[in-house]
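Numbering (my numbering), first residue to last: 2 to 524. Quick reminder that beta carbons are idealized off the backbone N, C-alpha and C, glycines included. Predicted model, so just to flag it, every value in this text is computed and none were measured.
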Amino acid sequence: MDSINLLDCTLRDGGYINNWKFGRESIDYILRKLETSGIEYIEIGFIKGDSPDPDSTLFPDTDSINSVIPKPRSKNTKYVGMVDMSKPVPLERIKPYQPGGIDLIRVIFKQDKIDLGYEYAREITKLGYGVMIQLVSTDTYSDDELGHAVRKFNTLKPHSVYIVDSLGLLKRKDFMRMVYLVDHVLADGVCLGYHSHNNLQQARGNAESLVELGLKRDILIDACVFGMGRGAGNLNEELFADYLNENYNKSYRIEPMLEIIDECLMDIYRLHFWGYSVPFYLSAKNKVHPNYAKYYNDKGALTEKAFNELLKTIKPEDSHIFTEELAENYYKEYMRNYVDDRKALEDFATVINNREVLIIAPGENHLLQIDRVKKYFKEVKPIVISVSFEPTDIPTDYSFYGNMRKYNRLKNRGLRKLVTSNIRDPTDLVSFVFNYNSYLFEDPLIIDNSGLMILKILRAAGVKKVAIAGMDGYTELNKYKIFNARYDFTKIGVEELNSKISQAIADLRKDMEITFLTDTQYE
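Here it is in structure tokens:
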């Protein structure tokens, strides 16, 4: 195994917390202490913007970033700046490398700007800098795309190529798959880097797994003092440096890092919290940009349950980008449908009063095999709930609707109604309203299947025994025959649809006893 080194990005990635306003005195102090600690690579900040600010770690050109490097500087430390391809500085601001200045430039880009990143990195190498390639949101690359990207940048002979967990969502299995792939394709002599965020608390575990592999190339791990960084923060440098000291014969000095925390970072932390929180965990779990979590958390209006459900509504094409306008649009749409249904569930459970529940779905078997249903009804005396229709053969307590169109057709019929919150303009017949988003399923084919939704609601209300009639399943006729109507049915494979519904029912059976009284495709 070759060397394991740390790259400190406190002044750059940590700057998202305080808008990069560290103050010149603190910048100088942090750089000196990091040199003393023995950190091999120090990233000073972004090369971006138009005007130099002595108190900021945003630098408009290489002259301004070079001006903050300690003099004299440690011979064992390499200094780094970063250029973001979402808004790159003009190349004329990148002066040719000069001894005593930054040694390397990190080029960071999303997948749709890979060609721009390549051309920019090529020009930087011509200017004499080492170039570090940052594949933003590496998890969004397919294996083929990732292999192709690494091969493309091999031609530049970069200093390093990074796996970048931009949203802090990479779990160890997926991370290690990427490591093996990149290591296999990456040219000899090129460092493999890892930049993490800690929203799922995976940063340290992933970093340990990487160094434990013993790859035959240099490894570069990004970290921040005190884990400073947006969202749940970054890998804690002082902790990981201590781990490397104990296990890999490194000799980092931890005391200077603790002094940085005490003298420079603790006051920022008191004003601008970073670290683990449920909102940032949920942003990673739902694979969305952490700024959504911050934006919604700052509103202070959502329970954790509602928070999670709101994040689930963000479309994949919007999940890795963030604007306040986009976030607010999702928020307004969600709140338009949201209800706090805790009281409704409690009252509904009281009505059920530990009785068994009979669900009557509109499949024609509830008529063809009505004797089975009547026998059960007579013996058990259950609460009876119909789904999206109103039966006439069995006395029914409630009719459930999760579909607005079906509800509008029958909303003025005599049965008391159970509805989800997407139903607009509920009538006086509505007895209980349940929060729509709470009872959806992840798979788009069955996301709002009414039969499954009422089962979820019953589970939430504590019901333990359910019997079902008329949930027949789909047939090759591409229709679901029902009493006095037909289900809408898209032209998809009925076997696939039946299989997904069967699996959902199997999952629900982990918490409740479900019995089919009539013949069904789901068993």
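Quickly, what does DSSP pair residue 60 with across the bridge? List them, please.
Indexing the sequence shown from 1 puts residue 60 at position 59. Note: residue 60 sits in a beta bridge opposite 48.
Count the other C-beta atoms from every protein chain shown that fall within 10 angstroms of the C-beta of residue 99, then say buried if there are 16 or more, exposed otherwise.
Numbered from 1 along the sequence shown, position 98 holds the residue referred to as residue 99. Flag for residue 99 reads exposed.
Helix, strand or coil for residue 123? Go by DSSP, reduced to three states.
Mapped onto the sequence shown, residue 123 falls at position 122. Helix, per DSSP.
Check for me: the beta strand (DSSP E) holding residue 1 runs from which residue to which?
As shown, the chain starts at 2 and ends at 524. That puts residue 1 outside it, with no answer to give.
Taking the beta strand (DSSP E) that residue 418 falls in, what are its first and last residues?
As a working mapping, residue 418 is identified with position 417 in the sequence shown. Element bounds for residue 418: 417 to 421.
Whose C-alpha, out of 18, 3, 134 and 439, is nearest the C-alpha of residue 460?
Reading the sequence shown from its first residue, position 459 is the one you call residue 460. Closest option to residue 460, Cα to Cα, is 439.
Among 230, 515, 208 and 292, which residue has its Cα nearest to the Cα of residue 222?
Counting from one through the sequence shown, the residue named residue 222 turns up at place 221. Among 230, 515, 208 and 292, the Cα nearest to that of residue 222 is on 208.
Going by alpha carbons, who is nearest to residue 167 out of 59, 289 and 349?
As a first step, residue 167 must be located in the sequence shown, where it is residue number 166. Among 59, 289 and 349, the Cα nearest to that of residue 167 belongs to 289.
Curious, which full-length beta strand (DSSP E) runs of at least 3 residues does the stretch 295 to 354 contain?
none
I need the DSSP call for residue 233, collapsed to helix, strand or coil.
Residue numbering aside, residue 233 sits at position 232 when the sequence shown is read from its first letter. Reduced to three states, the DSSP call for residue 233 is coil.
Measuring straight from C-alpha to C-alpha, what distance separates residue 115 and residue 15?
On the sequence shown, residue 115 is found 114 positions in, with the first residue counted as 1. On the sequence shown, residue 15 is found 14 positions in, with the first residue counted as 1. Their backbone Cα atoms lie some 25 Å apart in a straight line.
Determine the direct distance from the alpha carbon of residue 113 to that of residue 132, and round the result to whole angstroms.
Position 131 of the sequence shown, counted from the start, is the residue given in the question as residue 132. Position 112 of the sequence shown, counted from the start, is the residue given in the question as residue 113. A direct Cα-Cα distance of roughly 20 Å separates residue 132 from residue 113.
Measuring straight from C-alpha to C-alpha, what distance separates residue 5 and residue 206?
Residue numbering aside, residue 5 sits at position 4 when the sequence shown is read from its first letter. Residue numbering aside, residue 206 sits at position 205 when the sequence shown is read from its first letter. Taking the straight line from one Cα to the other gives about 16 Å.
Do the stretch 352 to 362 and the stretch 454 to 470 make contact, defined as three or more Cβ pairs closer than 8 Å?
Touching, yes, given that three or more Cβ pairs across the two stretches are closer than 8 Å.
Would residue 202 be called buried (16 or more neighbouring beta carbons within 10 Å of its own) or exposed?
The residue given as residue 202 occupies position 201 in the sequence shown. By the beta-carbon neighbour count (other beta carbons within 10 angstroms, threshold 16), residue 202 is exposed.
What is the rounded straight-line gap between the Cα of residue 230 and the Cα of residue 295?
Here residue 230 refers to the residue found at position 229 when the sequence shown is read from its first residue. Here residue 295 refers to the residue found at position 294 when the sequence shown is read from its first residue. For residue 230 and residue 295, the distance between alpha carbons rounds to 13 Å.
Pick helix, strand or coil for residue 188, following the three-state DSSP scheme.
To locate residue 188, count along the sequence shown from 1; it is residue 187. If DSSP states are grouped into helix, strand and coil, residue 188 belongs with coil.
Of all the beta strand (DSSP E) runs that stay within the bounds of the stretch 154 to 203, which reach a length of 3 or more residues?
The stretch 154 to 203 contains these whole beta strand (DSSP E) runs: 161 to 165 and 192 to 196.
Count the other C-beta atoms from every protein chain shown that fall within 10 angstroms of the C-beta of residue 507, then say buried if there are 16 or more, exposed otherwise.
The residue you call residue 507 lines up with position 506 of the sequence shown. Classification of residue 507: exposed, given that the 10 Å Cβ count is below 16.
Where does residue 279 land, buried or exposed, given buried means 16+ other C-beta within 10 angstroms?
Your numbering for residue 279 matches position 278 in the sequence shown. Exposed, since its Cβ has fewer than 16 Cβ neighbours within 10 Å.
Who does residue 447 pair with in a DSSP beta bridge?
Start at 1 with the first residue of the sequence shown, and residue 447 comes out as number 446. BP columns for residue 447 are empty, so no partner.
Taking just the CA atoms, how far does residue 345 sit from residue 403?
Looking up residue 403 in the sequence shown gives position 402. Looking up residue 345 in the sequence shown gives position 344. Approximately 16 Å between the Cα atoms of the pair.
Assuming residue 417 and residue 398 form a contact by the criterion Cβ under 8 Å, report the distance between their Cβ atoms to the nearest whole angstrom.
Working through the sequence shown from its first residue, we reach residue 417 at position 416. Working through the sequence shown from its first residue, we reach residue 398 at position 397. Confirmed, about 7 Å.
Could you work out which residue in 255, 106 and 75 is closest to residue 237 when comparing CA atoms only?
Within the sequence shown, numbered from 1, the residue matching residue 237 stands at position 236. Cα-wise, what sits closest to residue 237 is 255.
Ordered along the chain, which non-local residues of its own chain (more than five positions away) have a Cβ less than 6 Å from that of residue 234?
As a working mapping, residue 234 is identified with position 233 in the sequence shown. Cβ neighbours of residue 234 beyond the five flanking positions: 199, 228, 275 and 276.
What are the start and end residues of the beta strand (DSSP E) that includes residue 514?
If you number the sequence shown from 1, residue 514 lands on position 513. Residues 514 to 517.
Is residue 94 near residue 54, with beta carbons less than 8 Å apart?
As a position in the sequence shown, residue 94 is number 93, starting the count at 1. As a position in the sequence shown, residue 54 is number 53, starting the count at 1. In this structure, residue 54 does not lie closer than 8 Å to residue 94 by Cβ.
Whole angstroms are fine: how far does the CA of residue 324 sit from the CA of residue 135?
For the purposes of this step, residue 135 is taken as residue 134 along the sequence shown, with counting starting at 1. For the purposes of this step, residue 324 is taken as residue 323 along the sequence shown, with counting starting at 1. Going by the C-alpha atoms only, they are around 23 Å apart.
Leaving out five residues on either side along the sequence, give the residues of the same chain with a beta carbon under 8 Å from the beta carbon of residue 264.
As a first step, residue 264 is located in the sequence shown; it is residue number 263 there, counting from the start. 27 and 30.
Out of 285, 450, 58 and 342, which has the shortest C-alpha to C-alpha gap to residue 505?
Stepping through the sequence shown from its first residue, residue 505 is reached at position 504. Measuring from the Cα of residue 505, the nearest candidate turns out to be 450.
Tell me whether residue 472 sits in a helix, a strand or coil according to DSSP, three-state version.
As a working mapping, residue 472 is identified with position 471 in the sequence shown. If DSSP states are grouped into helix, strand and coil, residue 472 belongs with coil.
Hey, would you say residue 23 sits closer than 8 Å to residue 56, going by beta carbons?
For the purposes of this step, residue 23 is taken as the residue at position 22 of the sequence shown. For the purposes of this step, residue 56 is taken as the residue at position 55 of the sequence shown. In contact: residue 23 and residue 56 (Cβ atoms closer than 8 Å).
Determine the direct distance from the alpha carbon of residue 497 to that of residue 232, and round the result to whole angstroms.
The residue given as residue 232 occupies position 231 in the sequence shown. The residue given as residue 497 occupies position 496 in the sequence shown. The straight-line gap from Cα to Cα measures roughly 39 Å.
Is the separation between the beta-carbon of residue 377 and that of residue 468 shorter than 8 Å?
Mapped onto the sequence shown, residue 377 falls at position 376. Mapped onto the sequence shown, residue 468 falls at position 467. Yes, they are a contact pair.
Just how far apart, CA to CA, sit residue 260 and residue 44?
The count along the sequence shown starts at 1 and reaches residue 260 at position 259. The count along the sequence shown starts at 1 and reaches residue 44 at position 43. Whole-angstrom Cα-Cα distance: 19 Å.
Could you please give me the residues that DSSP links to residue 387 through a beta bridge?
To locate residue 387, count along the sequence shown from 1; it is residue 386. The partner list for residue 387 (beta bridge, DSSP) reads 361 and 400.
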